[in-house]
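Colleague: The sequence shown begins at 137 in my numbering and counts up one residue at a time. After the structure tokens below, expect a handful of questions from me.
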Amino acid sequence: MNQTRLFLIFAWLMVAMLLWLEWGKAHAPKPVAAPTQATAAAVPRMVPDAATTGIPQATQPQAVPTPNTQATAVTQAARVHVRTDVLDVVLTGGGLQQADLLRYPQTRDSAAQPVRLLSGDATRFYQAQTGWVGEQGHAAPAHDAAYTTTAAPEQVLAADAQKIEVPFVWTNPQGVTFNRVYTFTRGSYAVDVKDTAINGGTAAWAGYIYRQLVRVPPVIKTGYTHPESFSFIGATWFDAKEGYQRRPFKDFMEDGAINTDVTGGWLAMPQHHFLTAWVPQADQSSRYSLMQSGGVDGITARGPGFTLQPGQQAASDARLWVGPKDVKLLNALNVPGMNRAVDYSRFEIFALLGQGLFWLLSKLHALIGNWGWAIIGLVVLLKMVLFPLSNAQYKSSAKMRRVQPRMAQLKERYGDDKVKFQQAMMDLYKTEKINPMGGCLPIIPQMIIFMTLYWVLSEAVELRHAPWMGWIQDLTARDPYFVLPVLNAAIMFATQHMTPVPPGMDPMQQKMMKFMPVIFGGVLAFLPAGLVLYQVANGALGLLQQWYMLRKYGDKPEPKSVVVD
Numbered sequence: 137m138n139q140t141r142l143f144l145i146f147a148w149l150m151v152a153m154l155l156w157l158e159w160g161k162a163h164a165p166k167p168v169a170a171p172t173q174a175t176a177a178a179v180p181r182m183v184p185d186a187a188t189t190g191i192p193q194a195t196q197p198q199a200v201p202t203p204n205t206q207a208t209a210v211t212q213a214a215r216v217h218v219r220t221d222v223l224d225v226v227l228t229g230g231g232l233q234q235a236d237l238l239r240y241p242q243t244r245d246s247a248a249q250p251v252r253l254l255s256g257d258a259t260r261f262y263q264a265q266t267g268w269v270g271e272q273g274h275a276a277p278a279h280d281a282a283y284t285t286t287a288a289p290e291q292v293l294a295a296d297a298q299k300i301e302v303p304f305v306w307t308n309p310q311g312v313t314f315n316r317v318y319t320f321t322r323g324s325y326a327v328d329v330k331d332t333a334i335n336g337g338t339a340a341w342a343g344y345i346y347r348q349l350v351r352v353p354p355v356i357k358t359g360y361t362h363p364e365s366f367s368f369i370g371a372t373w374f375d376a377k378e379g380y381q382r383r384p385f386k387d388f389m390e391d392g393a394i395n396t397d398v399t400g401g402w403l404a405m406p407q408h409h410f411l412t413a414w415v416p417q418a419d420q421s422s423r424y425s426l427m428q429s430g431g432v433d434g435i436t437a438r439g440p441g442f443t444l445q446p447g448q449q450a451a452s453d454a455r456l457w458v459g460p461k462d463v464k465l466l467n468a469l470n471v472p473g474m475n476r477a478v479d480y481s482r483f484e485i486f487a488l489l490g491q492g493l494f495w496l497l498s499k500l501h502a503l504i505g506n507w508g509w510a511i512i513g514l515v516v517l518l519k520m521v522l523f524p525l526s527n528a529q530y531k532s533s534a535k536m537r538r539v540q541p542r543m544a545q546l547k548e549r550y551g552d553d554k555v556k557f558q559q560a561m562m563d564l565y566k567t568e569k570i571n572p573m574g575g576c577l578p579i580i581p582q583m584i585i586f587m588t589l590y591w592v593l594s595e596a597v598e599l600r601h602a603p604w605m606g607w608i609q610d611l612t613a614r615d616p617y618f619v620l621p622v623l624n625a626a627i628m629f630a631t632q633h634m635t636p637v638p639p640g641m642d643p644m645q646q647k648m649m650k651f652m653p654v655i656f657g658g659v660l661a662f663l664p665a666g667l668v669l670y671q672v673a674n675g676a677l678g679l680l681q682q683w684y685m686l687r688k689y690g691d692k693p694e695p696k697s698v699v700v701d
């Protein structure tokens with residue numbers, strides 16, 4: 137296959153990919169159901185199949201009160217404002233109502249507000265909740281119960297401290313006490329949540345603990361110019377048996393509420409660059425389920441359940457991640473399947489490729505110290521790995537050009553007899569040791585890497601606001617001055633000019649080729665600068681490689697004097 141046609145195929149594949157992505161974008165999200173629940177007790181057990189009541193239904197979201205609100209009345213849930221070096225949160229005994237990520241500004245502006253991941257605002261309601269549900273009429277504190285605390289309403293991590301612990305307590309009329317302690321650690325986005333239930337009464341108590349994430353589905357601008365629209369937004373969970381599962385907000389309840397029993401898993405609600413996830417105690421079982429209610433979507437882990445005799449107590453621990461989808465930090469949690477929380481694609485093969493590609497980029501970044509140069513380094517490595525294929529491609533193309541006169545002669549000889557012409561052509565290929573598909577091989581891995589890199593650049597928070605040099609100060613945003621797209625178009629024009637035009641090429645194809653650099657440049661103009669940088673580097677090295685190969689193998693058909701029958 138000649139180089140010109142390969143170039144045309146590659147360009148159209150790029151455009152087709154972007155059109156496909158655009159076509160597959162989600163419509164407006166649907167409303168969602170109410171949260172389910174989990175349990176805790178001396179001897180852990182699964183919650184009953186019918187345990188779907190007891191958790192308060194999602195109501196219209198209300199603004200979170202100011203952190204220093206006094207909560208002295210038993211009817212008012214105590215609120216505590218906690219600030220560490222990485223998190224700024226407002227919490228109650230029933231969960232986190234608001235969370236800002238202090239190391240992640242919303243924009244590159246030094247005065248920009250930090251990213252607010254959890255919020256009580258009605259339009260962007262998103263919270264992590266936890267509570268207890270009593271069985272057989274036993275009283276228990278749900279996430280909206282009036283927990284009390286001995287902690288001061290303002291907690292700031294001291295310069296010489298490593299942790300902040302915030303205790304909450306709630307006691308029912310029968311003397312069963314529920315303690316919950318949140319532990320915030322310096323430099324960590326993982327909040328340890330330890331629950332204990334102590335039966336200080338005279339009668340048995342039965343119930344279970346639950347942990348859930350609830351959110352009003354956000355409205356996301358769609359289109360290939362908005363990379364965040366291609367990040368998965370919805371609910372995800374991991375089960376050792378079934379592996380990584382996910383449900384987008386737009387199809388939240390389409391396949392039912394799940395209701396699956398999980399041990400050693402996790403549940404999460406990811407978004408562009410950031411993630412909130414509950415990781416229940418690994419040796420305790422929970423029942424995961426989805427819910428929709430009042431425009432709020434949620435995913436819940438209910439269980440384990442406990443039956444406490446007088447004097448008995450039970451414990452259930454969990455970790456709550458509220459932070460970036462940072463691969464290194466998530467791996468440090470040592471939670472099975474958590475690497476899939478960085479969701480590079482809905483397709484498993486592309487997700488695995490994305491993980492491998494990001495691993496390689498990370499190694500290059502550790503060596504070079506700049507994500508932009510790491511991308512260029514990736515192109516160099518790719519060209520080195522693909523050189524044997526590229527060499528075979530150019531060699532095959534050169535052979536194809538040399539036999540063009542003989543091909544024309546065969547076509548003239550056999551006329552409209554396509555069967556004989558095809559047979560004669562294959563015999564000619566066999567005699568000259570030409571692989572007609574040899575020119576396609578190098579373009580396949582390049583296309584796969586191009587698509588995978590798009591998702592990596594969209595998903596990797598490590599590249600967020602990462603500069604390259606000069607005018608490129610954010611590799612995940614478009615080139616502000618369109619320098620890279622214009623440079624890419626110039627390289628494409630130069631490649632066209634250098635590429636030999638095959639004899640008898642369709643005039644329409646030739647016209648399309650002339651406009652392709654402009655069309656492709658327009659498409660790239662609004663894509664992430666890192667992706668365009670990859671394409672520019674790939675095109676520039678390809679141009680140099682083509683110049684070398686044409687000098688080595690030639691770009692002319694064989695003289696007619698050597699044409700034989």
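Glycine included, each C-beta is placed from N, C-alpha and C at the ideal position. From a predicted model like this one, the values you see are computed outputs, not experimental measurements.
1) Tell me, which residues are paired with Tyr-424 by DSSP?
2) Can you tell me where the alpha helix (DSSP H) with Glu-568 in it begins and where it stops?
3) Tell me whether the beta-carbon of Val-463 lies closer than 8 Å to the beta-carbon of Phe-486.
4) Please classify Asn-470: does DSSP put it in a helix, a strand, or coil?
5) So what does Pro-303 bridge to, in DSSP terms?
6) Going by DSSP, what residues sit across from Phe-629 in a beta bridge?
7) Quick check: is the beta carbon of Gln-234 nearer than 8 Å to any beta carbon in chain D?
8) Could you spell out the range, first to last residue, of the beta strand (DSSP E) harbouring Pro-524?
9) Closest by CA to Ala-673, which one among Ser-452, Tyr-480, Phe-368 and Val-515?
10) Lys-330 lies in the beta strand (DSSP E); which residues open and close that run?
11) What does the Cβ neighbour count give for Thr-175, buried or exposed, with the cut at 16 atoms within 10 Å?
12) Is the distance from the Cβ of Trp-507 to the Cβ of Ala-602 below 8 Å?
13) When you compare each of Pro-353, Gly-230 and Leu-677 to Leu-518 by their alpha carbons, which one comes out closest?
14) Starting from Phe-410, trace the beta strand (DSSP E) in both directions and tell me its first and last residue.
15) Can you list, in chain order, the residues of its chain with a C-beta nearer than 7 Å to that of Gly-337? Leave out the 5 residues immediately preceding and following it.
16) Under 6 Å Cβ to Cβ from Asn-364, same chain only, skipping five residues before and after it: list those, please.
17) Does the segment 450 to 463 come into contact with the segment 550 to 570, if we say contact requires no fewer than three beta-carbon pairs (one atom in each stretch) closer than 8 Å?
18) In three-state DSSP terms, what is Trp-591?
19) Could you compute how far the alpha carbon of Ala-418 sits from the alpha carbon of Ser-533?
20) Here's the rule: buried if 16 or more other CB atoms are within 10 angstroms of the residue's CB, otherwise exposed. What is Glu-290?
21) Would the beta-carbon of Tyr-424 fall within 8 Å of that of Thr-399?
22) Going by CA-CA distance only, name the one from Arg-219, Val-619, Ala-342 and Asn-335 that's closest to Ala-288.
23) Is it buried or exposed, Pro-720, if we count other Cβ atoms within 10 angstroms and call 16 or more buried?
24) What first and last residue would you give for the alpha helix (DSSP H) that runs through Leu-680?
25) Do Ala-560 and Ile-608 have their beta-carbon atoms positioned less than 8 Å apart in this structure?
26) Measuring only the C-alpha atoms, how far is Val-619 from Leu-667?
27) What residue does the alpha helix (DSSP H) around Ile-131 start on, and which one ends it?
28) With distances taken between CB atoms, is the gap from Thr-372 to Ala-404 smaller than 8 Å?
29) Can you tell which of Val-654, Asp-296 and Leu-254 has its C-alpha closest to the C-alpha of Pro-353?
30) Three-state secondary structure (DSSP) at Arg-476?
31) What separation, rounded to the nearest whole angstrom, lies between the Cα atoms of Lys-377 and Met-474?
32) Locate the beta strand (DSSP E) running through Leu-599, then write down its first and last residues.
33) Would you kindly work out how many angstroms separate the C-alpha atoms of Gln-681 and Pro-621, rounded to a whole number?
34) Mind checking who Glu-290 pairs with in its DSSP beta bridge?
35) Which one or two residues does DSSP pair with Thr-564 in a beta bridge?
36) Thinking just about the alpha-carbon of each residue, which of Met-536, Tyr-689 and Gly-229 is nearest to the one in Thr-332?
Modeller: Walking through what the data contain:
1) Position 288 of the sequence shown holds residue 424. DSSP lists Thr-396 and Ala-437 as partners of Tyr-424.
2) For the purposes of this step, residue 568 is taken as residue 432 along the sequence shown, with counting starting at 1. No alpha helix (DSSP H) holds Glu-568; DSSP gives it neither H nor E.
3) Counting from 1 along the sequence shown, the entry for residue 463 is found at position 327. Counting from 1 along the sequence shown, the entry for residue 486 is found at position 350. No, these two residues do not count as a Cβ contact at 8 Å.
4) The residue you call residue 470 lines up with position 334 of the sequence shown. Coil.
5) Sequence index remark: in the sequence shown, residue 303 carries index 167 (1-based). Paired residues: Val-317.
6) In the sequence shown, residue 629 corresponds to position 493, counting from 1. Looking at the DSSP assignment, Phe-629 forms no beta bridge with any residue, so it has no partner.
7) Looking at the structure shown, chain D is missing, and only one protein chain is on hand.
8) Here the question's residue 524 lines up with position 388 in the sequence shown. Looking at the DSSP string, Pro-524 is not in any beta strand (DSSP E); the run it does join, the alpha helix (DSSP H), is 507 to 538.
9) Here residue 673 corresponds to residue number 537 of the sequence shown, with the count starting at 1. Minimum Cα distance to Ala-673 is reached at Val-515.
10) For this step, residue 330 is matched to residue 194 along the sequence shown. From DSSP, the beta strand (DSSP E) with Lys-330 extends over 326 to 335.
11) Start at 1 with the first residue of the sequence shown, and residue 175 comes out as number 39. Because the pLDDT at Thr-175 is just 36, under 50, the model does not fix this residue reliably, and the value given afterwards should be weighed accordingly. Here Thr-175 is buried. Its C-beta has 16 or more other C-beta atoms within 10 Å.
12) Counted from its first residue, the sequence shown places residue 507 at position 371. Counted from its first residue, the sequence shown places residue 602 at position 466. Going by C-beta atoms, Trp-507 is nearer than 8 Å to Ala-602.
13) Residue numbering aside, residue 518 sits at position 382 when the sequence shown is read from its first letter. If we check each option's Cα against that of Leu-518, Leu-677 comes out closest.
14) Here residue 410 corresponds to residue number 274 of the sequence shown, with the count starting at 1. 410 to 416 is the extent of the beta strand (DSSP E) around Phe-410.
15) Position 201 of the sequence shown, counting from 1, holds the residue named residue 337. Within the same chain, Gly-337 has close Cβ partners Gln-310, Gly-311, Val-312 and Pro-446.
16) Counted from its first residue, the sequence shown places residue 364 at position 228. It should be noted that the sequence gives Glu, not Asn, for residue 364. Only His-408 meet the Cβ criterion.
17) no
18) For the purposes of this step, residue 591 is identified with residue 455 of the sequence shown, where counting begins at 1. DSSP places Trp-591 in helix when its eight states are reduced to three.
19) Here the question's residue 418 lines up with position 282 in the sequence shown. Here the question's residue 533 lines up with position 397 in the sequence shown. Rounded to whole angstroms, Ala-418 to Ser-533 spans 58 Å at the Cα level.
20) Position 154 of the sequence shown, counted from the first residue, corresponds to residue 290. It counts as exposed.
21) Sequence index remark: in the sequence shown, residue 424 carries index 288 (1-based). Sequence index remark: in the sequence shown, residue 399 carries index 263 (1-based). No.
22) The residue labelled residue 288 in the question sits at position 152 within the sequence shown. Checked all of Arg-219, Val-619, Ala-342 and Asn-335; the closest Cα to Ala-288 is Arg-219.
23) Because the chain here runs from 137 to 701, residue 720 falls outside it and cannot be looked at.
24) Locating residue 680 in the sequence shown gives position 544, where the first residue counts as 1. Run containing Leu-680: 665 to 689, per the alpha helix (DSSP H) assignment.
25) In the sequence shown, residue 608 corresponds to position 472, counting from 1. In the sequence shown, residue 560 corresponds to position 424, counting from 1. The answer is no: Cβ separation not under 8 Å.
26) For the purposes of this step, residue 619 is taken as the residue at position 483 of the sequence shown. For the purposes of this step, residue 667 is taken as the residue at position 531 of the sequence shown. So the alpha carbons of these two residues sit roughly 13 Å apart.
27) Examination of residue 131 is not possible in this model, given that the chain is present from 137 through 701 alone.
28) Here residue 372 is taken as the residue at index 236 of the sequence shown, counted from 1. Here residue 404 is taken as the residue at index 268 of the sequence shown, counted from 1. Cβ atoms of Thr-372 and Ala-404: closer than 8 Å.
29) Indexing the sequence shown from 1 puts residue 353 at position 217. Ranking the options by Cα distance to Pro-353, first place goes to Leu-254.
30) In the sequence shown, the residue the question calls residue 476 occupies position 340. Note: Arg-476 maps to helix in three-state DSSP.
31) Residue 377 sits at position 241 when you count from the first residue of the sequence shown. Residue 474 sits at position 338 when you count from the first residue of the sequence shown. So the two alpha carbons sit approximately 15 Å from each other.
32) Along the sequence shown, one-based indexing puts residue 599 at 463. Where Leu-599 is concerned, there is no enclosing beta strand (DSSP E), given that its DSSP letter is neither H nor E.
33) One-based indexing of the sequence shown puts residue 681 at position 545. One-based indexing of the sequence shown puts residue 621 at position 485. Roughly 21 Å between the two C-alpha positions.
34) Numbered from 1 along the sequence shown, position 154 holds the residue referred to as residue 290. Looking at the DSSP output, Glu-290 sits in a beta bridge with His-217.
35) As a working note, residue 564 is residue 428 in the sequence shown. Strictly speaking, residue 564 in this sequence is Leu, with Thr absent from that position. Per DSSP, none; premise fails for Leu-564.
36) The count along the sequence shown starts at 1 and reaches residue 332 at position 196. In terms of Cα proximity to Thr-332, the closest of Met-536, Tyr-689 and Gly-229 is Gly-229.
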